[in-house]
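J.: For the sequence shown, the positions run 1285 to 1416 when my numbering is used.
Glycine included, C-beta positions come from ideal geometry on N, C-alpha and C.
Pasting a structure here, questions to come.
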Amino acid sequence: MTTTPDTDRRRLADTVGEAADAIAAVLAAHPMRGSGPYPLGEVLPVLIERQRTLLELVDGWRGPLAVTADGRPDPLVDELALFMSYLQLSCVLYRGLADVPAPMRANAARHFSTIHLAARRLRDRARRAARA
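Listed below in structure tokens is the structure:
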């Protein structure tokens, strides 16, 4: 049985929404504050796992991803691409660290804050797209 483009787009939205929700939840549970230790061991595995999920989704997509079947740009995919770049940055920068070193804390706080905001926005857009 083949799926329709609308069904595929809804599945895309569901998967993106689930990944964004998981990332938003872990970052909400672990905001970066002050100079105390940061639980990278709890945060980074979620980011890495969900980044892989999203990459597999993109790699497995048949046909154009950035445009819908009728040729219109898909705003969800625009946000997804930017979100995945944020995840890649953090997954590379903080890989293998038990905590964020002092010289990296300010940038790490900005990175995680940006990812958290982007995850919430992407999750909400994906939920709307899944219902459309």
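Going by other Cβ atoms of all chains shown within 10 Å of its Cβ, with 16 needed for buried, is residue 1374 buried or exposed?
T.: Buried, because 16 or more other Cβ atoms sit within 10 Å of the Cβ of residue 1374.
J.: Go through its chain and collect everything with a Cβ distance to residue 1322's Cβ below 6 Å, but skip five positions before and after it.
T.: Around residue 1322: 1316, 1383 and 1384.
J.: If you draw a straight line from the C-alpha of residue 1367 to the C-alpha of residue 1391, how long is it?
T.: Going from the Cα of residue 1367 to the Cα of residue 1391 covers about 17 Å.
J.: According to DSSP, is residue 1357 helix, strand or coil?
T.: Strand.
J.: Please classify residue 1335 as buried or exposed, where buried requires at least 16 neighbouring CB atoms within 10 angstroms.
T.: With 16 or more other Cβ atoms within 10 Å, it is buried.
J.: Considering residue 1341, what are the terminal residues of the alpha helix (DSSP H) in which it resides?
T.: Per DSSP, residue 1341 belongs to the alpha helix (DSSP H) from 1324-1343.
J.: So what's residue 1318 in DSSP terms, helix, strand or just coil?
T.: In the structure shown, residue 1318 sits in coil (DSSP, three-state: anything other than H, G, I, E or B).
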